[in-house]
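Residue numbers (my numbering), protein chains in the order written: chain E, 3 to 387; chain W, 3 to 387; chain P, 40 to 324; chain Z, 40 to 324.
Glycine is no exception: its CB is placed at the ideal position from the N, C-alpha and C atoms.
Since we're looking at a predicted model, the values are computed, not measured.
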Amino acid sequence: MNLHEYQSKMRFAKFGIPVPMGRVATTPQEAYEIARELGGTVVVKAQVLVGGRGKAGGVKLAHSPEEAEQIANQILGMEIKGLIVRRVLIDPAANIAGEIYLGVTNDRAAGKPVIMASSEGGVEIEQVAREKPEAIVREHIDPFLGLRDYQARNLASGINLPREHWKAFSRIATALYNCYTASDATLAEINPLVITAEGQLIALDGKMVIDDNALFRQPELAEMRDVEAEAKETIQARAAGLSYVKLDGQIGCMVNGAGLAMTTMDMTKLYGGDDVGPANFLDIGGGAQADKVATALRIILSDPNVKSVLFNIFGGITRCDEVARGILQALSEVPTTVPMVIRLNGTNAKEGREIIENARIPNLHSAETLTEAAQKAVAAAKGAL
Amino acid sequence: MNLHEYQSKMRFAKFGIPVPMGRVATTPQEAYEIARELGGTVVVKAQVLVGGRGKAGGVKLAHSPEEAEQIANQILGMEIKGLIVRRVLIDPAANIAGEIYLGVTNDRAAGKPVIMASSEGGVEIEQVAREKPEAIVREHIDPFLGLRDYQARNLASGINLPREHWKAFSRIATALYNCYTASDATLAEINPLVITAEGQLIALDGKMVIDDNALFRQPELAEMRDVEAEAKETIQARAAGLSYVKLDGQIGCMVNGAGLAMTTMDMTKLYGGDDVGPANFLDIGGGAQADKVATALRIILSDPNVKSVLFNIFGGITRCDEVARGILQALSEVPTTVPMVIRLNGTNAKEGREIIENARIPNLHSAETLTEAAQKAVAAAKGAL
Amino acid sequence: MAILVDKNTRLLVQGITGREGSFHSEQMIAYGTNIVGGVTPGKGGEWILGKPVFDTVKSAVEATEANATIIYVNAAFAADALFEAIDAEIPLIVCITEGIPVQDMMKVYAYLQHSKSRLIGPNCPGLLTPNQAKVGIMPGYIAKPGNVGVVSKSGTLTYEVVYALTQAGLGQSTCIGIGGDPIIGTSFVDVLQMFEEDPETEKVVLIGEIGGRAEIEAAEYIRKHMTKPVAGFIAGRSAPEGTRMGHAGAIVEGGEGTAAEKIEALRAAGVRIADNPEQIPDLLR
Amino acid sequence: MAILVDKNTRLLVQGITGREGSFHSEQMIAYGTNIVGGVTPGKGGEWILGKPVFDTVKSAVEATEANATIIYVNAAFAADALFEAIDAEIPLIVCITEGIPVQDMMKVYAYLQHSKSRLIGPNCPGLLTPNQAKVGIMPGYIAKPGNVGVVSKSGTLTYEVVYALTQAGLGQSTCIGIGGDPIIGTSFVDVLQMFEEDPETEKVVLIGEIGGRAEIEAAEYIRKHMTKPVAGFIAGRSAPEGTRMGHAGAIVEGGEGTAAEKIEALRAAGVRIADNPEQIPDLLR
């Protein structure tokens with residue numbers, strides 16, 4: 003789960019990282035009030051869960067409360083990469099003398115956290131990683147030991163940070179690491195960490211990604227989820243315990259298991275080409291019950307692009323008869339004329355197939371193999387079944 | 003540093019361990035008040051930093067506030083193993099159905115903490131260890147992992163604790179371990195942990211020993227030191243950074259280094275027998291300055307048993323000339339007729355010896371070797387030098 | 040021979056009295072797996088499916104001499120179950136549990152490095168040596184004995200491939216799902232090495248997916264050390280970059296871990312890559 | 040030969056600019072020890088005693104190829120200095136610092152178990168190979184080259200014994216103070232084993248004291264494995280039970296660790312025990 007900039011910075015502040023004294027506005031009037039309270043020049047920053055908002059015109063300086071109001075008025079409601087801006091952060095403008103990157107994330111290959119710093123702050127770190135990898139210094143962290151002072155010094159020394167900033171940098175690095183572990187984050191990043199003309203270090207922008215698997219023990223963070231920014235289907239899918247990602251093809255897929263779901267998508271593209279392809283990724287998970295299957299089908303059918311539906315179930319924990327019953331239940335509630343292809347295999351596949359056949363639904367076709375199922379679904383989407 | 007029972011239990015409570023709701027009294031009148039507030043039967047317990055107070059009559063039941071006052075009056079001021087009782091703890095009497103031992107300490111051989119439990123609670127655990135070692139179950143703790151729930155269950159199962167108490171036991175074990183680490187303790191012990199007739203687990207008696215080396219970061223605990231219970235010399239020695247233990251022989255020893263100090267004591271006994279022997283252990287530590295040496299000498303001479311003084315200094319960090327100057331400084335402030343033998347070796351020994359010789363102090367004798375020094379000090383103590 | 044599990048496996052089930060644990064224990068027993076007991080805190084002394092239940096892994100190992108354990112414990116308590124199994128020095132730990140927080144797994148992983156245990160998983164279907172032992176949740180009937188070693192990041196996709204092999208008359212030495220989480224105990228490389236050394240395994244199938252660098256490392260290993268033929272499949276060619284596909288492991292990280300990149304590396308190492316998992320039997324002939 | 044330190048030792052000094060660190064660095068250099076640099080956070084780039092100062096151990100090791108480090112850092116920061124040295128994979132770490140909290144040391148000890156480093160100390164005088172390298176605070180002039188290996192828990196008592204050996208014409212291969220704290224990196228047994236294997240060491244002196252079980256373990260080792268003659272001394276025969284004698288290590292624990300008990304165990308293992316440390320040279324003849 004991604005946090006907004008303002009949420010990440012609130013969290014940083016809680017762990018002792020200096021951040022600008024700004025606040026969030028949802029209306030131009032609020033933006034005016036905040037800018038007036040802060041005084042001086044402010045930055046108005048769109049709060050959207052996507053990169054590149056600067057280039058899209060989502061970050062602007064305002065020299066007066068009036069200008070802040072006017073800019074907020076422009077930015078609020080703006081669409082950036084498909085997302086509507088609903089909040090702006092009004093921060094006092096900083097007097098920037100230098101920009102650093104500082105981030106903690108999981109290194110899956112090493113199996114441990116890694117903290118990275120770069121003197122090339124303010125730009126996308128992925129770009130720095132590609133173009134100038136030597137500009138990023140890394141320290142792996144033993145999860146039992148935590149970030150040690152000498153590691154922070156190794157970073158400070160590695161990015162040639164002037165020595166007068168080492169203590170402040172070290173405190174911020176430690177706080178960031180603590181924030182990362184205590185928040186069950188998979189990423190906690192300050193970019194840029196600026197050195198102000200006054201010689202202070204301050205986190206001007208921040209980003210946190212929280213481990214979805216740990217939200218059960220992070221109720222405070224779980225509440226920060228920006229459901230307004232999500233599609234209705236995404237919210238429904240999460241509530242039902244389904245993994246769902248909308249894509250732009252024409253074949254709706256319902257599969258058990260992420261790997262098999264991706265494979266099924268791959269098959270629709272293999273046999274259907276770019277024109278047809280998968281309309282979504284949808285993993286019903288292990289041991290799916292009929293209710294869950296029905297919800298999944300409703301979500302798939304709510305996409306108007308869907309020209310055919312492909313069910314691919316290889317039963318293990320999941321029982322094919324349960325899935326078959328779920329499909330019938332969903333179809334009784336949401337009748338549809340979209341052609342459907344179903345392939346059941348594994349645990350209770352025979353029973354499942356019987357249930358489907360006995361229901362004699364005209365637009366529901368059976369397939370034996372995944373290949374056959376994918377080919378039929380492509381044909382159906384093209385109106386050729 | 004040892005904590006009193008009432009201090010240990012206050013600390014336990016802070017970490018969530020259930021303890022009786024008692025309070026400490028320094029006068030019989032206070033004892034009366036506390037007993038009245040608690041109501042019912044109470045236990046009046048002498049607070050002294052020594053074992054065996056029960057046998058010495060330092061723990062008694064009182065069935066009324068009047069009786070509590072009367073017992074407190076008996077116990078306060080009582081001497082137990084040389085220590086005066088200055089405080090009594092008034093606890094409500096518990097309805098005991100079972101007694102458990104539970105303690106955490108450092109296992110130096112394993113280099114890690116060990117938690118121990120026994121169904122034979124209420125008696126000295128050392129005695130159980132000697133007589134019935136199989137009644138004590140142990141779990142070593144990885145200091146990075148902390149005490150895990152399954153380890154607490156291993157203990158509960160190992161002492162055949164009825165299953166209905168496992169959850170409470172597990173919580174208490176975890177709290178005790180947390181208390182131990184957060185307090186920089188070398189021992190945190192509940193004995194007995196009682197099971198009441200009502201089915202509650204409660205820490206009836208407790209003991210904690212805090213690592214002296216960690217007191218710098220445990221200011222709250224450092225303040226708990228009971229200086230009233232300590233000899234004046236002990237307090238002075240600690241303030242000066244000296245390690246001092248009073249013994250009952252006649253030869254005062256001043257040595258640098260604990261091992262050499264013990265060896266020097268051993269030599270006085272080897273040559274002087276039980277009659278003469280060491281009057282104290284005193285380690286002036288490494289790099290001792292003249293001031294510190296003077297304080298050490300004053301402490302040694304304050305013991306009326308001291309018949310002679312033996313200085314044994316093997317300079318390493320410590321410089322013999324510094325020590326020599328310290329001795330002269332002390333003698334100028336505290337003139338004495340007690341015969342003294344001094345042996346200087348190692349760093350700046352020559353300079354040190356010259357300083358001593360030039361001072362021409364009649365009762366100050368030199369020695370070349372440790373053997374010679376010990377023999378001379380014994381002779382001096384016997385009036386034969 | 041096979042690898043990791045066989046007739047000599049003496050299996051413990053952590054979480055045996057839970058819904059999933061008891062369901063799959065029954066299946067494993069039916070398959071012929073030698074389950075020697077289970078662990079459920081607070082239920083020690085009870086019996087389930089004819090097997091004794093213990094309060095702690097330590098006491099279970101003492102009583103049963105188990106040499107493997109499988110974990111069906113809820114994600115919130117899974118790390119504790121893992122530490123317990125590691126502390127009891129069980130040589131093989133298989134963790135089925137899905138959704139373990141990654142911060143927990145990083146600690147488990149660090150602890151594991153200096154232990155006497157090997158971990159398979161978490162979030163994996165476990166492993167199966169046909170007609171000898173099923174340790175996990177794979178449907179038993181899809182497999183048959185033979186000499187193809189199968190290793191996979193995925194669950195149901197593995198069944199798909201194993202089923203296709205069996206249908207084509209190609210039996211398996213051992214089938215292993217290593218799990219698709221960001222932190223797992225046993226990597227592709229570890230398993231490839233075991234298959235390379237196993238005299239009963241003649242051919243190997245590797246099933247990967249987008250995300251991470253495990254398949255790239257596998258390619259490297261295959262190029263340098265494998266003498267046995269390897270066929271493979273990589274799921275996720277149609278996944279758009281930067282989109283999460285269920286598995287945490289399936290995030291495309293900064294240009295790394297695309298299907299195309301992995302397929303290229305594996306092909307360069309001599310692995311035959313299928314476009315369709317049902318083609319794999321053909322590639323092995 | 041000698042053990043652990045010699046002419047090839049390239050020594051780093053952690054805390055080189057401190058009062059103690061600089062004093063003893065000067066002494067070590069005067070003795071001929073090859074100090075290649077020092078570490079003091081925030082003073083990187085400066086020079087002291089003709090040696091470069093670095094901000095971190097990592098950068099110091101990169102620049103100097105140090106293969107040993109000695110720590111003179113204040114007790115409050117010593118654990119960090121130890122972790123830093125371990126992380127930099129320095130093979131030999133000698134920690135002079137006194138008064139490190141035992142909870143810190145238990146973590147260091149656990150971390151050390153799976154590392155590439157050996158730790159001597161803490162709270163020890165360090166070690167000395169006569170005329171080759173002095174790594175610590177032992178006065179250099181008391182030792183001379185020879186073939187007696189000396190290992191001791193104590194500081195100044197070691198000097199006493201080494202001095203007595205030298206006076207008696209018995210030179211030393213290496214003298215090591217392992218420290219008297221409850222948790223130390225290298226035990227008597229570790230050092231005895233090195234002396235047993237060192238062709239230059241012909242006889243060994245072991246100096247123990249009351250508290251703990253290290254001398255009992257040493258006796259066990261000597262009985263089973265040592266072929267070279269061992270003489271010893273145990274300090275604290277006159278100490279009353281239960282009294283703390285300066286060292287945390289010198290607490291008599293529940294009837295274990297008395298001088299009498301240790302002397303008996305060592306004698307039973309064939310060790311000649313002196314009543315007086317100045318007798319040790321005679322026992323070695």
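Pro161/P sits in coil when the DSSP states are folded into three classes, being neither helix nor strand. Distances from the alpha-carbon of Val90/E to those of Tyr34/E, Ile204/E and Leu333/E put Tyr34/E closest. Residues of chain W whose Cβ lies closer than 7 Å to the Cβ of Gln211/Z do not exist, since the nearest Cβ in that chain is about 16 Å away. In the DSSP assignment, Glu317/Z falls outside any beta strand (DSSP E), carrying neither H nor E.
Measuring C-alpha to C-alpha distances from Lys301/P to each of His153/P, Gln206/P and Gly250/P identifies Gly250/P as the nearest.
The C-beta distance from Val44/E to Ala70/E rounds to 5 Å, short enough to fall under 8 Å. Cβ proximity to chain W below 8 Å picks out Pro80, Gly81 and Gly83 from the segment 78-92 of chain P. Annotation for Thr266/W: Cys255, Val257 and Asn314 place their beta carbon closer than 6 Å to its own, counting only its chain and skipping 5 residues before and after. The beta carbon of Ile223/Z sits closer than 6 Å to the beta carbons of Ile217 from its chain, once the five residues preceding and following it are set aside; these are given in chain order.
Distance check between Tyr198/P and each of Lys378/E, Ala381/E and Leu372/E places Leu372/E closest, using alpha-carbon atoms only. Contact residues of the segment 144-155 of chain W toward chain P are Leu147, Arg150, Asp151, Tyr152 and Arg155 (C-beta to C-beta distance below 7 Å). Beyond the five residues adjoining it in sequence on each side, Asn170/P comes within less than 6 Å, by CB distance, of Pro184 in the same chain, given in chain order.
Along the segment 223-245 of chain P, there is no position whose C-beta sits under 7 Å from a C-beta of chain W. For secondary structure counted as the beta strand (DSSP E) over 3 or more consecutive residues, the segment 59-103 of chain Z holds these complete runs in sequence order: 74-78 and 90-93. Spatial neighbours of Leu299/E in its own chain (CB-CB distance under 8 Å, excluding positions within 5 residues in sequence) are listed in chain order as Met256, Val311, Gly328, Ile329, Ala332, Leu333 and Val336. For the segment 110-132 of chain E, no residue has a beta-carbon sitting nearer than 9 Å to a beta-carbon of chain Z. Here Ser245/E carries a strand assignment [DSSP, helix/strand/coil]. Proximity of the segment 131-148 of chain E to the segment 142-162 of chain P meets the contact definition, three or more beta-carbon pairs being nearer than 8 Å. Across the set Ile344/W, Tyr103/W and Leu78/W, the C-alpha of Tyr103/W shows the shortest separation from the C-alpha of Ile161/W. The segment 225-238 of chain P and the segment 246-262 of chain P touch, with no fewer than 3 CB-CB distances between them shorter than 8 Å. The beta carbon of Val139/E sits closer than 8 Å to those of Met118, Ala119, Ser120, Asn156, Leu157, Gly160 and Ile161, all from its chain and outside the five residues before and after it, given in chain order.
For Arg49/P, the CB contacts under 8 Å within the same chain, skipping 5 residues up- and downstream, are Asn73, Val75, Thr103, Glu104, Ala105, Asn106 and Ala107 in chain order. The residue among Glu85/Z, Ser191/Z, Val44/Z and Leu158/Z with its C-alpha nearest the C-alpha of Met67/Z is Val44/Z.
For Ser193/Z, the neighbours in chain W by C-beta distance under 9 Å run, in chain order, Gly259, Ala260, Gly261, Leu262, Met264 and Thr265. For Thr297/E, the enclosing alpha helix (DSSP H) has its first and last residue at Ala292 to Leu303. Under DSSP, Ala205/E forms a beta bridge with Leu195/E. Rounded to the nearest whole angstrom, the C-alpha separation of Ala386/E and Cys214/P is 39 Å. Residues of the segment 108-123 of chain Z whose Cβ lies closer than 9 Å to any Cβ of chain W, in chain order: Ala114 and Ala115. Counting other Cβ atoms within 10 Å of its Cβ, Asn193/W reaches 16 or more and is therefore classed as buried. With a threshold of 7 Å between beta carbons, Lys173/Z makes no contact with chain E. Across the segment 319-333 of chain E, CB contacts with chain P closer than 9 Å involve Ile319 and Thr320, in sequence order along the chain. Its Cα nearest to that of Leu63/W, the residue Gly41/W stands out among Gly79/W, Gly41/W and Val52/W. Counting C-beta pairs with one atom in each stretch, the segment 169-188 of chain W and the segment 119-132 of chain Z have fewer than three that are closer than 8 Å, which means they do not touch.
At least one CB of chain E lies nearer than 7 Å to the CB of Lys97/Z. When the Cα atoms are used, Ile181/P and Thr168/P turn out to be separated by approximately 12 Å. Chain order gives no chain E residues near Arg311/P, where near means a beta carbon separation below 9 Å; the closest approach is about 17 Å.
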